[in-house]
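See below for the structure under consideration.
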Amino acid sequence: MFKDQVIERFHQVFGNPDRITVKVTAFNVAGLGVVVQTDQPNREDAAFVWLPYPPDDQPVPEIALEYAGDSGRHSGTYPSAGLEKGQPALKLILRSDTELNDVIAYIKAFAAKAALPSVIAATRTIASGAARAEGALIPVDMESMPAPKPVAARREAIPRIVQREVWQRDGGACVQCESRKLLCFDHIVPFSHGGSNTVRNLQLLCEPCNLSKGNRI
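Those letters in the sequence shown? Residues 1 to 217, per UniProt numbering, in order.
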C-alpha cells in the first residue's frame, strides 16, 4: 500500500520513527512532528500525513486540509511535536511519488526553518483501456494542446485571526452536516481557481464533507 511506501521513504530520509501505534507511525524531524496515519485511508493508492501548521506567511501544500486547534482531529497525532491538542495542523493527502518527493522537501525546509517550497497536487491521467492493455503510446498533436497557464500564486496558511472569525461564525460545526468532529477549513472558491484566505471565502466542513466536495465550487 502507498502508506507503507511513504513510511519506508520517511524511514530512509528521517531515520527511525519515534512512535508506532495501531493508528500512526510518527517521526521527529529535528523537533518537527511528522505523522503518517496508518488506520486510514482504506485504499491502496493514498496516504495521510500530518504536519504542524506553518507560519502564516509560508505556503500550505495544495494537497492539505487545514485544521483549527479545536477541530477534534485524529487523536493519534496529539503526542507528536508541534501537533499537541489545541494546536492547528495540516493533513496532507498523498497519492503519487511526485507528491511524496515534494512533501519530503517541504518537511526538510520546515525542520530547518527555511522558506517552504510549494507542493502542487500531481496531475492524474487515466489512459484508455486499450492503451493500458497493449502498453501502446498515445500520439499527441502538440499544435492542438492549449497554451500553458500562468504560474498560480502560492497557497498560504490561513491567518489565525481569520480562522477564529470563521470558527465563531459557523459555530464550530460543519456547515453541511453540523458535525463537530474532524473539522477543517474549506475554500468555497478553491485556491487553485483564484480563491483567497478571506472570511467570506472560507467555511467549516467536516473531513467527509470536504473530501466529497473536492475541488468544486
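Even glycine gets a Cβ: it sits at the ideal position worked out from N, Cα and C.
| Item | Value |
| --- | --- |
| Can you give me the Cβ contacts of I161 inside the same chain, cut-off strictly under 8 Å, excluding the 5 residues immediately before and after it? | none |
| Output the boundary residues of the alpha helix (DSSP H) element that contains F10. | F2 to F14 |
| Q163 to R154, Cα distance in whole Å? | 19 Å |
| Give the range of the beta strand (DSSP E) segment to which Y67 is assigned. | A64 to Y67 |
| Distance check for T25 and N16, CA to CA, integer angstroms please. | 10 Å |
| Kindly list the residues whose CB is nearer than 7 Å to the CB of K181, restricted to its own chain and excluding five residues on each side of it in sequence; keep chain order. | G72 and C206 |
| Please state whether the Cβ-Cβ distance between I188 and G194 is less than 9 Å. | no |
| Just list the residues that DSSP pairs V175 with in beta bridges. | DSSP, once it has assigned bridges, lists no residue as partnering V175. |
| If you check the beta carbons only, do K23 and D39 fall under 9 Å apart? | yes |
| What did DSSP end up calling residue 232 once you bin it into helix, strand or coil? | The structure shown has nothing for residue 232, since the chain only spans 1 to 217. |
| For a minimum of 3 consecutive residues, which ranges assigned as the beta strand (DSSP E) are wholly contained in the region 13-78? | 24-29, 32-37, 47-52 and 64-67 |
| Indicate the three-state DSSP secondary structure (helix, strand or coil) for A112 in the structure shown. | coil |
| Could you tell me the boundaries of the alpha helix (DSSP H) in which I161 lies? | R160 to R169 |
| Here's a check: name, in chain order, each residue in its chain whose Cβ is nearer than 7 Å to the Cβ of T21, leaving out the five neighbours to either side. | G76 |
| Excluding the 5 residues flanking residue 221 on each side, which residues of the same chain have their C-beta closer than 6 Å to its C-beta? | No statement about residue 221 is possible, as the shown extent of the chain runs from 1 to 217 and does not include it. |
| Can you check DSSP and say which residues form a bridge with K91? | W50 and L65 |
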